[in-house]
Structures are given as structure tokens and as C-alpha cells.
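Here the structure is laid out as C-alpha cells; the discussion comes afterwards.
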Amino acid sequence: MKKTWHQIARYHDGNTPPSFELEVYKKLLNIFHIGDFYYYIVNLPHIEIEFVSDSVKNVLGISCTTDFNVDYILTNIHPDDLNRFMMYEQQVTAFFNALPPDKVLKYKVSYDYRLRCADGSYK
């Protein structure tokens with residue numbers, strides 16, 4: 009999986025943080041998303057989550073947003089969703105690899121998979 013993410017991040021120079029208009033995206037998510045949700049931003053060159061919304065605590069029942077990281081996702085993804093997640097990541101990588109470098113940071117990726125919550129249930 010990390011190899012896949014490094015392929016997407018190959019054009020990132022590591023010096024320029026991507027400009028995310030978080031307030032605009034938050035408003036759009038609140039308008040168009042049904043039910044509880046959370047969102048996060050992955051720093052692909054470093055393969056780490058650099059931002060996660062506070063709502064992850066309510067959705068997954070975790071006590072702190074720092075508990076939500078790449079290892080948490082890979083460890084707690086529902087076993088029936090893991091293969092689909094991996095195939096989706098391969099498709100995302102193929103899509104980003106076909107883009108010119110200046111367009112890569114202009115796209116966002118949305119996921120739909122189940123994660124184990126703190127109480128052992130899946131959402």
C-alpha cells in the first residue's frame with residue numbers, strides 16, 4: 009500500500025503544503041453528506057494523516073483525533089472491505105499517475121469502507 013501512495017506523491021516537492029480550502033469543503037460536506045461523517049487529509053510523501061476532523065471521535069468512538077492514523081485504518085478496516093479498498097487505491101494511483109504534475113493536488117478522493125469502532129462494532 010505504501011508503494012502505491014508513494015507513486016501518487018512522486019511530484020510533491022515536500023516544501024509546499026497543499027492549499028486546502030477546508031472551510032469551503034466542510035460546508036459542502038455538511039450540505040451533501042447524509043449522516044455522520046469525518047474527513048482527513050493524508051500527507052502521501054510521508055504516509056501520515058496530517059489532519060483529521062474532530063467528528064472522527066463521535067463516529068468511531070475514539071478518544072483523541074491523534075489515535076486515527078494510517079495504521080488505525082489498515083488495522084481496523086472491515087475484512088470484507090480490505091480487498092476492495094486495495095483495488096480502489098490501485099485505481100486512484102492509476103488516475104493520479106495519468107495527470108500532469110500540476111493537477112495532482114487539485115483532486116480529492118472519497119472513500120466508502122467500514123472501520124471497527126472503539127466498541128467493536130463497524131461503521
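Be aware that the sequence shown starts at 9, since it is given in the numbering used here, and climbs by one per residue.
Where a beta carbon is used, it is the ideal one built from N, C-alpha and C, also for glycine.
Closer than 6 Å: is that where the CB of residue i sits relative to any heavy atom of the ligand SAM?
| i | result |
| --- | --- |
| aspartate 120 | Ligands in the displayed structure: none, and consequently the ligand SAM is not present. |
Measuring alpha carbon to alpha carbon, tell me which of the options ends up nearest residue i.
| i | options | result |
| --- | --- | --- |
| lysine 116 | Tyr130, Cys125, Thr101, Arg122 | Thr101 |
| lysine 114 | Phe104, Arg122, Tyr121 | Phe104 |
| proline 53 | Pro108, Val78, Tyr46 | Val78 |
| valine 112 | Asn51, Gly43, Tyr47, Tyr130 | Asn51 |
| glycine 128 | Ile42, Thr83, Phe45, Ile55 | Thr83 |
| leucine 130 | Ile49, Pro87, Ile42, Glu58 | Sequence check: residue 130 is tyrosine here, not leucine. The shortest C-alpha separation from tyrosine 130 is found at Pro87. |
| cysteine 125 | Ile81, Tyr48, Ser61 | Ile81 |
| tyrosine 48 | Ile42, Ser61, Ile55 | Ser61 |
Terminal residues of the continuous alpha helix (DSSP H) containing residue i?
| i | result |
| --- | --- |
| phenylalanine 103 | 87-106 |
| lysine 114 | Note, lysine 114: premise wrong, no alpha helix (DSSP H); not H, not E. |
| serine 118 | From DSSP, serine 118 is part of no alpha helix (DSSP H); its letter is neither H nor E. |
| serine 63 | 63-68 |
Round the Cβ separation of residue i and residue j to the nearest angstrom and send it over; I've been treating them as touching at under 8 Å.
| i | j | result |
| --- | --- | --- |
| threonine 73 | valine 64 | 6 Å |
| isoleucine 85 | phenylalanine 76 | Going by Cβ atoms, the distance from isoleucine 85 to phenylalanine 76 rounds to 13 Å, so no, they are not a contact pair. |
Need the endpoints of the beta strand (DSSP E) that residue i sits in, please.
| i | result |
| --- | --- |
| isoleucine 81 | No beta strand (DSSP E) holds isoleucine 81; the alpha helix (DSSP H) holding it covers 78-84. |
| valine 60 | 56-60 |
Per DSSP, which residues does residue i bridge with? Please list them.
| i | result |
| --- | --- |
| tyrosine 130 | Arg124 |
| valine 50 | Ile57 |
Using a Cβ distance threshold of 8 Å, determine whether the segment 78-98 contacts the segment 121-128, with at least three qualifying pairs required. Taking 8 Å as the limit for Cβ pairs, the verdict is that the segment 121-128 does touch the segment 78-98.
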